[in-house]
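A.B. asks: Going by full-length UniProt numbering, the sequence shown runs without a break in its numbering and finishes at 179.
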Amino acid sequence: MIAVRHATHADIPAMEALIARSGIELSAGFYTPEQAQAVTRYVFGVDTQLVADQTYFVIEKDGRLAACGGWSKRSTLFGADRTKQGADPLLDPATEPARIRAFFVEPSAARQGLGRMLLQHCTEAAAAGGFHTLELAATMPGVPLYTACGFEVVEPIEITLQGDVKVPLSKMRKSIKAV
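#1: Is L26 helix, strand or coil when you go by DSSP?
#2: To test your reading of the DSSP string, which unbroken beta strand (DSSP E) runs of 3 or more residues are found completely within the region 93-153?
#3: Helix, strand or coil for M15? Go by DSSP, reduced to three states.
#4: Please report the Cβ distance between F57 and H121, rounded to the nearest whole angstrom; I am assuming they are in contact, meaning their Cβ atoms lie under 8 Å.
#5: What residue range does the beta strand (DSSP E) around residue 180 cover?
#6: For K174, count neighbouring C-beta atoms within 10 Å of its own C-beta (all shown protein chains included) and say buried if the count is 16 or more, exposed if not.
#7: Between T55 and K73, which are expected to be in contact by the criterion C-beta below 8 Å, what is the C-beta distance as a whole number of angstroms?
#8: Which residue marks the beginning of the beta strand (DSSP E) containing R64, and which one marks its end?
#9: Tell me which residues share the same chain as A38 and place their Cβ nearer than 6 Å to its Cβ, disregarding the 5 neighbours each side in the sequence.
#10: Starting from V167, trace the beta strand (DSSP E) both ways and give me its first and last residue.
So this is what it looks like as C-alpha cells:
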C-alpha cells in the first residue's frame, strides 16, 4: 500500500534521517564520497517553510516513510533551513516558476516509481496554484529522473562547500499547464 500525504512537523526527524541515507547511498556513482558527504551535511535537509506551507509531502509504503519531496511558491531554489538567510518571498505564478524541492527516496525503495509519483503530485498541486513553469536545482543523481519527466537543463551550477568541496548541480525547467 502506497500513500502520499502532507508532511508534518512530527515527520521532520524521520525525514532528516531518510534524507541523510538517501544523500549518501544514492549519490554513489554520481558524486565522490567527499562530495556526497559535503552536500548531504551542508545542503540537504528539510526546509520547514515547505512543511508550514503544506507543499511538502511524504510517501508511505506499507506504513513506512519511503520518500519525501515537495514544491514551493517561494523564491528559494534549494537547501534546508540552515542554508537560508532572511525572508523567503512568494513567487508570482503568472511570471515566475514554482520550485520543485528536496526530493529524496529511501535507498531500499529507489527506482520503484516513488520519485515520479511524488513529482506528478507536486506538478498537479503547482498547476492548481496557477503556476505555468517548474524549476529546480537537480543533483546529479536526480537528473535522470527529471529528464525522464520532461525537464530540461537550462544551466549547470557548481556550489563550493566547506573544505573547498565543489559539487555540480543542474538548474532544470519544465512548462506545465495551470488548471
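Built from N, CA and C at the ideal position, the CB exists for glycine as well.
From a predicted model like this one, the values you see are computed outputs, not experimental measurements.
C.D. replies: So, from the listed chains and residues:
#1: Working through the sequence shown from its first residue, we reach residue 26 at position 26. The answer is coil: DSSP assigns L26 none of H, G, I, E or B.
#2: 98-105, 133-139
#3: The sequence position of residue 15 within the sequence shown is 15, counting from 1. The answer is helix: DSSP assigns M15 an H, G or I state.
#4: Sequence index remark: in the sequence shown, residue 57 carries index 57 (1-based). Sequence index remark: in the sequence shown, residue 121 carries index 121 (1-based). Sure, about 6 Å apart at Cβ, within 8 Å.
#5: Here the chain comprises residues numbered 1 to 179, so residue 180 is not present and cannot be evaluated.
#6: The residue given as residue 174 occupies position 174 in the sequence shown. Buried: at least 16 other Cβ atoms inside 10 Å.
#7: If you number the sequence shown from 1, residue 55 lands on position 55. If you number the sequence shown from 1, residue 73 lands on position 73. T55 to K73, Cβ: 7 Å. Contact.
#8: The count along the sequence shown starts at 1 and reaches residue 64 at position 64. Unbroken beta strand (DSSP E) run through R64: 64-72.
#9: As a working note, residue 38 is residue 38 in the sequence shown. Within the same chain, A38 has close Cβ partners L161, V165.
#10: Here residue 167 refers to the residue found at position 167 when the sequence shown is read from its first residue. Looking at the DSSP string, the run of the beta strand (DSSP E) that includes V167 is 165-175.
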